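Peer 1: This is the structure, below, for whatever I ask next.
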Amino acid sequence: WQSYVDNLMADGSCQDAAIVGYTDAKYVWASFGGGTFANMTV
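Written out as structure tokens, the structure reads:
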């Protein structure tokens with residue numbers, strides 16, 4: 026999942042990204058380091 030976030034951030038058009046689970050898997054799986062979403066808890 027981290028490589029997916031890295032791809033989103035690569036060209037500079039995206040300012041922050043996170044991949045999160047829901048229902049049975051409530052976790053942040055990957056995020057852009059230092060971004061707002063990196064501080065997200067579920």
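Residues 26 to 67, numbered by this note's numbering, are exactly what the sequence shown covers, in order. For glycine and all other residues, C-beta sits at the position ideal for the given N, C-alpha and C. A quick note: this is a predicted structure, and the numbers were derived from the prediction, not measured.
Among 30, 45, 46, which one has its Cα closest to the Cα of residue 39?
Peer 2: Along the sequence shown, read from residue 1 onward, the residue named residue 39 stands at position 14. Distance from the Cα of residue 39 is smallest, within the candidate group 30, 45, 46, for 30.
Peer 1: Once the 5 residues before and after residue 53 are set aside, which same chain residues still bring their CB inside 7 Å of it?
Peer 2: Residue mapping note: residue 53 aligns to position 28 of the sequence shown, counting from 1. Hits under 7 Å: 43, 45, 65, 67.
Peer 1: Report, in whole angstroms, the separation of the C-beta atoms of residue 36 and residue 62, which I expect to be a contact under 8 Å.
Peer 2: On the sequence shown, position 11 is the one that residue 36 refers to. On the sequence shown, position 37 is the one that residue 62 refers to. Contact doesn't hold; Cβ gap of about 18 Å is too wide.
Peer 1: How far does the alpha helix (DSSP H) with residue 28 in it extend, from its first residue to its last?
Peer 2: Position 3 of the sequence shown, counted from the start, is the residue given in the question as residue 28. It spans 27-34 - the alpha helix (DSSP H) in which residue 28 sits, taken as one unbroken run.
Peer 1: Only counting the same chain, and skipping five residues up and downstream in sequence, which positions put a Cβ closer than 6 Å to that of residue 56?
Peer 2: For this step, residue 56 is matched to residue 31 along the sequence shown. Once the five neighbours on either side are set aside, the close Cβ partners of residue 56 are 43, 62, 63.
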